[in-house]
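K.L.:
Start counting the sequence shown at 10; every next residue gets the next number (this note's numbering).
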Amino acid sequence: MTNLYVQEGESIHHIAATNLAANDVIVIGSRIAVVIAGILSGATGAVGVKGVFRLPKVVAADLSEGESIQFDVGASMIASGGATAAAGDLVNCGVVVTPAANGETTVEVDINVPGAIVTP
């Protein structure tokens with residue numbers, strides 16, 4: 010067995026810069042992560058970086074299956090990939106798995122599919 014193997018990649022260790030609650034969505038570089046269990050500032054905890062998650066979305070967004078999404082950092086919500094991105098928003102950071110209509114508050118997305126871009 011190789012001594013280079015560290016861990017499976019569905020969740021990773023993250024050192025929190027601030028207190029984080031379970032289910033918080035955070036940005037780590039060019040990908041989003043979902044906090045698995047609360048992490049105190051300065052402590053290390055697990056965050057999910059691969060898989061399908063039910064995340065809060067912009068209520069007015071009408072999202073179709075397979076649509077590329079972006080993470081609106083200011084609102085801490087999933088938005089349509091076609092929405093105008095603000096500085097720091099993460100574009101192309103996942104795809105919609107289950108459609109979510111205007112008025113719905115959550116959407117199921119497969120996070121961190123290849124191609125995420127941080128808006129300058």
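All C-beta atoms in this analysis are idealised placements derived from N, C-alpha and C, irrespective of residue type, glycine included.
Between A46 and V122, what straight-line distance do the alpha-carbon atoms span, to the nearest angstrom?
P.N.:
Those two C-alpha atoms are separated by around 23 Å.
K.L.:
Classify L49 as helix, strand or coil using the three-state DSSP reduction.
P.N.:
Looking at L49 - three-state DSSP - the assignment turns out to be coil, as it is neither helix nor strand.
K.L.:
Tell me the rounded alpha-carbon separation between V68 and A52.
P.N.:
Cα-Cα distance, rounded: 33 Å.
K.L.:
Sorted by chain position, which residues of the same chain lie with C-beta nearer than 6 Å to E74's C-beta, five sequence neighbours on each side aside?
P.N.:
Taken in chain order, the residues that qualify are V105 and P108.
K.L.:
For T115, which residues in the same chain have their Cβ closer than 8 Å to its Cβ, ignoring the five residues on either side in sequence?
P.N.:
Within the same chain, T115 has close Cβ partners R63, L64, P65, K66 and A109.
K.L.:
Measuring alpha carbon to alpha carbon, tell me which of G90, E113 and V100 ends up nearest T128.
P.N.:
The shortest C-alpha separation from T128 is found at V100.
K.L.:
Taking the CB atoms as reference points, tell me whether E19 and G57 lie closer together than 8 Å.
P.N.:
Yes; because the gap between Cβ atoms is below 8 Å, this pair is in contact.
K.L.:
DSSP state of E74, grouped into three classes?
P.N.:
Correct three-state label for E74: coil.
K.L.:
Assign S89 to buried or exposed, taking buried as 16 or more other Cβ atoms, counted over all protein chains shown, within 10 Å of its Cβ.
P.N.:
With 16 or more Cβ atoms within 10 Å of its Cβ, S89 is classed as buried.
K.L.:
For G112, is the classification buried or exposed, using 16 other Cβ atoms within 10 angstroms of its Cβ as the cut-off for buried?
P.N.:
Exposed, since its Cβ has fewer than 16 Cβ neighbours within 10 Å.
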